[in-house]
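Residue numbers (my numbering): 989 to 1144. Just so it is clear, CB atoms sit at the ideal spot from N, CA and C, and this is done for glycine as well. One structure is given below, encoded as structure tokens.
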């Protein structure tokens, strides 16, 4: 009888250990409500969760900086710009929002020679300008996309 309880306890503990290690949880939400955010040369900005850009906020990633969102990035309005050899990494989805029957409200610009990688869906309902390299898992374009000469937009 004791052996049975020990086996049950071990199986329960293993199941608890497995569920804790397999489950990922995003704990941060960064919402930019109209501010200017600059990620300067060689700096890293990391959000473990959701990043929202609202109320015409501006996010600029300069030179060799990294903006990493371990989750989803929503550009609801305003502009997110990646310049020079900066890197953007979105590990889930990126949505560039547009306003139905009205002006474009969300804009993403990839300038220079760096990369923007979205491992999940890249959904463009606003404005996307690509002068460099963008990789994404899936591409949905209902907005305006300017993929300029020598620029790469690759669905992987």
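Straight-line Cα distance separating residue 1100 from residue 1135
13 Å
Cβ-Cβ distance between residue 1113 and residue 1131 below 8 Å
yes
Can you have a look at residue 1068 and say buried or exposed, based on whether 16 or more other CB atoms are within 10 angstroms of its CB?
buried
If you follow the beta strand (DSSP E) that residue 1134 is part of, which residue opens it and which one closes it?
1132-1135
Identity of the residue in 1060, 1034, 1020 nearest residue 1042 by Cα:
1020
State the DSSP-derived secondary structure class of residue 1051, mapped to helix, strand or coil.
coil
Cβ of residue 1118 within 8 Å of Cβ of residue 1098?
yes
If residue 1025 and residue 1047 are in contact, beta carbons under 8 Å, what's the gap, nearest whole angstrom?
5 Å
At which residues does the beta strand (DSSP E) containing residue 1034 begin and terminate?
1032-1035
Just confirm the distance between the C-beta atoms of residue 1225 and residue 1076, as a whole number of angstroms; I'd bet it's less than 8 Å.
Residue coverage of the chain in this structure runs from 989 to 1144, which leaves residue 1225 outside it and unanswerable.
Looking at the structure shown, is residue 1109 part of a helix, part of a strand, or coil, going by DSSP?
strand
Assuming residue 1072 and residue 1051 make a contact with CB atoms under 8 Å, what is their CB distance in whole Å?
5 Å
Identify, in the order they occur along the chain, each residue of the same chain with its Cβ nearer than 8 Å to the Cβ of residue 1053, setting aside the five sequence neighbours on each side.
1027, 1028, 1029, 1030, 1031, 1032, 1033, 1074, 1075
Rounding to the nearest angstrom, what Cα-Cα distance links residue 1083 and residue 1035 in this structure?
16 Å
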